Amino acid sequence: MRILHHAKPAPVGGPLLNAVTLTAGILVAIMAAILVVRFFYGLGSVTNLNDGYPWGIWIVVDVMIGSAFACGGFSVAMLVYIFNKGEYHPLVRPALLASLFGYTLAGAAVIVDLGRWWNVWNMYWPWSANPNSVMFEVAICITLYILVMWIEFAPTFFEKLGMNAAKRRLSKIMFIIIALGTLLPMMHQSSLGTLWVVLGSQVHPLWQTPVVPLLFLLTAIIIGYAVVLFESCVASAAYRRSIEMHLLTPLAKVMLGLVAVYIAVRFADLIWRGALGLAFGMTLEAVMFWFEMACFIGVFLVIGSEVQRRNPARLFVGGIIIMLGGALLRINGFLIGYDTGGGYQYFPSLTEVLVTVGMFAIEVIGYIVITRRFPVLPREEAHA
Amino acid sequence: MKSRREFLKRAVTGAAIVGAGATASGAVLARETHKVPPGGLGLLYDATLCVGCKACVAACKEANGNPPEFNTVDQLWDTPLDTSGYSFNIIKMYRNGTMETKDAEKNGYAFMKTSCLHCADPSCVSACPVSAMIKNPVTGIVTYNPDKCIGCRYCVAACPFGIPKYQYDDPLGRIGKCELCVHRHKDGHYSACAEVCPTGATLFGKTSDLLAEARRRLALKPGEITTYPRGRLGDAAAPNVNWRVEPDQTYEGAVGNYQQHIYGETEYGGTQVLKLSGVPFEKVGMPKLPPYSSAAMSETIQHTLYGGLIMPVAVLGALAWIAKRNVKPEAEEENES
């Protein structure tokens, strides 16, 4: 790694109780109340799930999209440690923190959605394992990755608690943890897409493809960078800190390079399978396909030029557009483009939405508490 | 600029290596759709014999201890509109125009049984992460174990026939689907739906026997008189099962006006439940499916990438090697900064 002089991470400080954490707290309380009903009266009591749409937003948004939005840590760590881009090092900790929360909550969200959650230990019971199941792979990988991320993030707690010996010992094997922290998300983020391969012709040909693992992997990495752009802007605005534009501008360029690769792969696959024609019909699927692709193509209009990438507001919007595009890919494949043919309908209920909102609210509270009290964000130079 | 070029070069090389590895091993490992086991048990449903009495629906409810489902105002009769977590077998009706002729597509009506087809290569079994849904290697019956099931409903999503269903109204909800009454086999009873069918429209037996019977019927001339068995066809031997002795229930009847198509013979790589119909199958709610199972494609991808953990371990080794060069242990970092 090139020798670089970065500001050391330091706690931001400030009050933990404010308008944001209070609002988020209320949303979490509402979620808790809804979940009590769910656990006493069944999934049907608070969701609009049915046998035509057995997976709703708790899976597609909280887990699929939630974990993709939590790819910042993986994407940035890969850039820094694998592609040796040491200059991005200050972005690693905050990105990793968001990932840690994103994944831990995605894991929690799965439990809430499981109809027979008390049997979940079977997932880790060798006599129940089904290595043919894509979901088995996803579950094992995500569980391991959550553990790996807590270890990756442990130095932050060691610093706060003054456990220097432990920190030094951990740093000796950190390269293995980092390698695992890169491999595991590559495995399960791609497999989250492979999940719909077994659904066969029930998934619309605009999304049903054998290359879906590659599409999910690429978008997960891309979303990872988009989330860092988004989050850095929000953290700077909320904590009144300067924005690390010298890092975000080139990071946005890396992201755009991958977006270009993604668009090429996406269209090459559609043409190769002869499915592109379906994008030009007057169907809901076609319209949603173009909404999805418009995000990946449109981002070049927002931050395509170097001048545009020096504008924090544009990076913020660019980040949001990519996050939306990645979210749409997942919603389109699992919900809009999914049809069992039985005339079933699904639109999430208010209570379903409130639980999803509550899950994200926990993330916001956690991020605020930890950045204010633990050394995560780079220390601000005393400003005038 | 130079570093960016290098970055892209590395990224492309890495992707190419992984891609090439996946393609090479994929060509070797691609798995075929499984076939129906030789001793596979199933049903033959002949829509031209079905009179729509729904005795099979009632018998199925009783055999599986399922409660009635009400969809009419008076709530007097069990009236499921589709299979559900509490209804594993229903008879659906096709209606067209004046509904004058049975089994006619135009101005006619027809019946169709909806229940698990016990696929040769079931998606639900491939999807289930905890082996709660398994296919018996001898009888081929796809069974469900609620003590393993985590309620993820991947089987519900995966099945191309929309068969496994979940009980959303119950905090302890289970997946419900036909298991060919495997729990009654030890008492010498076979599938309740076939046992009670008054016309032999639903027959129980070995899939190979049922297929031969279906072919026999399709070879006959419509209107011709032939014999129809009822209940159980042939020996249908299953391990540790002695079927109850029943009187001969064979009867004579006229041959229906069949579509020359045995549904389930090739659909999705073959199913152990076969169907005959006078009306095209798509019109009576049976989906048009390719002659292979999506489970084969899904497992091919899964095992190409993760088979024997070869790829993950190789990639992990490469990543660890690179990371070791790029990450300095704590002490050095302290000195530098």
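Chains as they are written, first to last, in the numbering used here: chain A, 1 to 384; chain B, 385 to 721.
Beta carbons are placed, not taken as given, at the ideal position from N, Cα and C, and that holds for glycine.
As the structure is a computational prediction, the values presented were derived from the model and not from experiment.
Contact between ILE34/A and VAL355/A holds, since their C-beta atoms are separated by about 5 Å, short of 8 Å. Of ALA286/A, GLY52/A, SER45/A and PHE230/A, the smallest CA-CA separation from MET255/A is found for PHE230/A.
Under the DSSP assignment, MET359/A falls in the alpha helix (DSSP H) whose first and last residues are 350–373. Neighbourhood of VAL134/A in chain B, by CB distance below 7 Å: SER682 and GLN686, in chain order. One alpha carbon belongs to GLU649/B, the other to GLY424/B, and they sit about 13 Å apart. Taking a Cβ-Cβ threshold of 8 Å, the residues of chain B close to ARG116/A are PRO530, CYS533, ILE534, GLY535, LEU556, GLY557 and ARG558, in chain order.
Counting C-beta pairs closer than 8 Å gives three or more between the region 319–328 of chain A and the region 57–77 of chain A, which meets the contact rule. Between the C-alpha atoms of ALA108/A and ILE59/A there is a straight-line separation of about 11 Å. Contact of ASN332/A with chain B by beta-carbon distance below 7 Å is absent, the smallest such distance being about 15 Å. Under the three-state reduction of DSSP, GLY298/A is assigned to helix. Residue contact with chain B for ILE178/A: present (Cβ-Cβ distance below 8 Å to some residue of chain B). Between PRO348/A and ALA235/A, the gap from beta carbon to beta carbon reaches 8 Å or more. Exclusion of the five residues before and after ARG273/A leaves PRO205 and THR209 as the residues of its chain whose Cβ lies within less than 8 Å of its Cβ. Straight-line spacing of the CA atoms in ARG379/A and ALA238/A works out to 15 Å. Distances from the alpha-carbon of LEU16/A to those of ILE365/A, PRO375/A, VAL376/A and LEU377/A put ILE365/A closest. Two segments are said to touch when three or more pairs of C-beta atoms, one from each, lie closer than 8 Å; by this definition the region 509–522 of chain B does not touch the region 442–450 of chain B. Looking at ILE474/B, LEU703/B and ASN520/B, the one whose alpha-carbon comes closest to that of THR586/B is ILE474/B.
Judged by their CB atoms, ASN48/A and TYR344/A are not nearer to each other than the 8 Å cut-off. Around MET483/B, the same chain offers TYR493 as residues with beta carbons nearer than 6 Å, after the five sequence neighbours per side are excluded. For TYR552/B, the nearest CB of chain A lies under 8 Å from its own CB, placing it at the interface with that chain. In the DSSP secondary-structure assignment, ASN50/A is bridged to TYR53/A. For a Cβ distance threshold of 7 Å, residue set PHE175, ILE176 and ALA179 of chain A lies close to ALA704/B, ordered along the chain. Assignment of ILE475/B by DSSP, reduced to helix, strand and coil, places it in the strand class. Chain-order list of chain B residues neighbouring THR182/A: LEU703 and ALA707, by C-beta distance under 8 Å. Close to chain B, meaning a Cβ-Cβ distance shorter than 8 Å, are the following residues of the region 44–63 of chain A: GLY44, SER45, THR47, LEU49, ASN50, ASP51, GLY52, PRO54 and TRP55. Scanning its chain for C-beta atoms nearer than 6 Å, with the 5 sequence neighbours on each side dropped, one finds around HIS188/A the residues VAL138, CYS141 and ILE142, in chain order. For ALA542/B, the closest Cβ of chain A is nearer than 8 Å. With its beta carbon at least 8 Å from every one in chain B, THR351/A lies outside the interface. Taking a contact to require three or more Cβ pairs closer than 8 Å, the region 24–43 of chain A and the region 547–566 of chain B qualify as touching. Rounded to whole angstroms, the gap between the alpha carbons of ILE685/B and PRO513/B is 16 Å. ILE34/A does not reach chain B, its nearest Cβ partner there being about 14 Å away, counting only Cβ pairs nearer than 9 Å.
Around the C-beta of HIS418/B, 16 or more other C-beta atoms lie within 10 Å, and the residue is accordingly described as buried. Contacts with chain A at 8 Å (Cβ-Cβ) do not include VAL441/B. Straight across, the Cα-Cα distance linking ALA622/B with LEU604/B is about 30 Å. Closer than 9 Å at the C-beta level to chain A, one finds these residues of the region 478–507 of chain B: SER507. In this structure the region 653–666 of chain B touches the region 580–597 of chain B; the number of beta carbon pairs closer than 8 Å is three or more.
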